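Let me begin by presenting the structure, written as structure tokens, before commenting on it.
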Amino acid sequence: MMNYNVDENGFYGEFGGSFVSNSLRESLEELKLNYLRIIESEDFQTEFGYLLKHYVGRPSPLYEASNLSEKFNARIFLKREDLNFTGAHKINNSLGQVLIAKRLHKKRVICETGAGQHGVATATACALMKMPCRVYMGEADIKRQFPNVCRMKMLGAEVCPVKTGTMTLNEAVNAALADWEKSSSDVFYVMGSAVGPHPYPDMVARLQSIISKEIKQQLVEQTGRNCPDYIVACVGGGSNAMGAFYHFLDECHTKLVLAEAGGKGCDTGMTAATVQSGTADVLHGSRTLVLHDKDGGVADTYSISAGLNYPGIGPALANLVKKGRVSAYPVNDDEAMCAAFELARLEGIIPAIESAHALAVLPKMKFKKDDIIVVNVSGRGDKDLETYLRFVD
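If you count the sequence shown from 1, position 355 lands on 336 in this note's numbering, and the numbers rise without skipping.
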């Protein structure tokens, strides 16, 4: 059996590690020495479990989508992370990390956000736990995800526009890391995805693993089986994918499928399809698969989805791709938008554009009638209504 877990040095095979400036090493070492102890403690598990149940509203439903199932001639289940409080899977991770920050006696929190859902989730957790919160967000994303910006501000967070580069998620991460370098001793960086230097990829995956834990339990109740034939999730950095895959990594019968942002097409240069076109490099503190431009630098990426518009994937997923445990399909903008409208009109569910990428993989696959497919609907589409309306026009 292959080992897909992180090793003591923070590596997943050839990917991972911690490539950071000296000013961040002390904070990362503190986190590395304490995160597992905290997460596995009875005190943390009791408080985290209480909040997931009574504040977030977990377990999120596993819904058998009968109309979608009829269309694809298979049993399709939707893991409804869109029904979590704040509207996405992000709240699982944000609550967990802010609880860790409090146990490490940090004074304030910073984070990055693309689509705004991680920013909202972190601002929510900080409001609940009385911690100051600063959110870095690319100016282009601020314009297209403005409702989430309003939510963050109402929750008391300081939203800092990032005006460099493409003014999207990659630059927001750069800005947050730069802030952390200046004041790392009393600040906790709540990383939004399973990316970055060790131990963030492992910590985020563990906090999001509640998704796959629930899928196992819910499938037994509804089908008598604890493993589906396929699990499908969208991927930018990879937190919702790692959460949905976590408890199935060693279940060889279950095929794990990623939907990545093809943008205007993988051959156009306006894409964020890292698995399709990326090569190994260091990005934001870890060695992983990264998209490069013609000069060998980190490429400017494009996607209609702010949350998937990132030039890399998490190191755990890069390792899973390298070892053949995970397959990936690029999904272009138009395909994702059509899949979103199809779900809305077949099932009455409006997904986030990120989640629509996962749904758009279904026509690219071939199923048997008795196959069970779980699609992780990572977020709801309220934030994207303006984009959806422009697509109709």
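C-beta: ideal position from N, C-alpha, C; glycine also. Note that the coordinates shown come from a computational prediction; the quantities given were computed from them, not determined experimentally.
Quick one: is residue i buried, meaning 16 or more other Cβ sit within 10 Å of its Cβ, or exposed?
| i | result |
| --- | --- |
| Cys233 | exposed |
| Ala82 | buried |
| Arg39 | buried |
| Cys131 | exposed |
| Asn300 | buried |
| Thr105 | buried |
| Pro113 | exposed |
| Phe226 | buried |
| Arg18 | exposed |
| Thr269 | buried |
| Gly329 | exposed |
| Tyr117 | buried |
| Tyr170 | buried |
| Val(-13) | buried |
| Ser47 | exposed |
Does DSSP put residue i in a helix, a strand or coil?
| i | result |
| --- | --- |
| Asp262 | strand |
| Pro182 | helix |
| Pro209 | coil |
| Ser2 | coil |
| Phe(-8) | strand |
| Glu241 | strand |
| Lys349 | coil |
| Val342 | coil |
| Phe25 | helix |
| Val176 | coil |
| Arg306 | coil |
| Phe229 | helix |
| Pro113 | coil |
| Tyr16 | helix |
| Cys215 | strand |
| Ile354 | strand |
| Phe127 | helix |
| Lys197 | helix |
Taking the straight line between their C-alpha atoms, what separation do you get for residue i and residue j?
| i | j | result |
| --- | --- | --- |
| Lys138 | Lys194 | Inspection of the sequence shows that residue 138 is occupied by Ala rather than by Lys. Near 31 Å, if we compare the C-alpha coordinates of Lys194 and Ala138. |
| Pro344 | Lys87 | 47 Å |
| Asn151 | Arg6 | 21 Å |
| Lys71 | Leu158 | 19 Å |
| Ala261 | Gly(-6) | 12 Å |
| Asp160 | Asn74 | 21 Å |
| Ser174 | Tyr369 | 25 Å |
| Ala317 | Gly360 | 14 Å |
| Ile354 | Lys13 | 36 Å |
| Glu202 | Leu272 | 42 Å |
| Leu109 | Asp248 | 45 Å |
| Gly177 | Phe58 | 31 Å |
| Ser258 | Pro311 | 10 Å |
| Asn155 | Met223 | 23 Å |
| Arg306 | Ala339 | 18 Å |
| Asp210 | Asn221 | 18 Å |
| Phe230 | Phe25 | The question names Phe, but residue 230 in the sequence shown is Leu. In a straight line, the C-alpha of Leu230 is about 25 Å away from that of Phe25. |
| Lys144 | Glu120 | 6 Å |
| Lys275 | Asp281 | 11 Å |
| Pro142 | Ile123 | 7 Å |
| Val256 | Ser336 | 18 Å |
| Asn15 | Cys92 | 20 Å |
| Cys208 | Leu237 | 11 Å |
| Thr94 | Leu32 | 22 Å |
| Ile20 | Phe372 | 43 Å |
| Asn313 | Leu298 | 21 Å |
Residue i bridges to which residues according to DSSP?
| i | result |
| --- | --- |
| Gly38 | Answer is none; Gly38 lacks a bridge partner. |
| Tyr170 | Ile91 |
| Met118 | Thr94 and Pro142 |
| Gly(-3) | Phe(-8) and Arg268 |
| Val(-13) | Answer by DSSP bridge pairing: none, since Val(-13) is not bridged. |
| Arg361 | Pro332 |
Verify the contact flag: residue i, CB atom, against every heavy atom of the ligand HEM, threshold strictly below 7 Å.
| i | result |
| --- | --- |
| Met133 | Ligands displayed in this structure: none; no statement on the ligand HEM is therefore possible. |
request  = Answer yes if the region 213 to 229 comes into contact with the region 288 to 306, meaning at least three C-beta pairs across the two stretches below 8 Å, and no otherwise.
outcome  = These segments touch.
ask   = Does the region 312 to 332 come close enough to the region 182 to 194 that 3 or more CB-CB pairs lie under 8 Å?
value = The way I'd put it, the region 182 to 194 doesn't touch the region 312 to 332; fewer than three beta-carbon pairs between them come closer than 8 Å.
query = Quick one: any contact between the region 228 to 242 and the region 262 to 280, if contact means 3 or more CB pairs under 8 Å?
reply = Between the region 228 to 242 and the region 262 to 280 there are fewer than three inter-stretch CB-CB distances shorter than 8 Å, so the stretches are not counted as touching.
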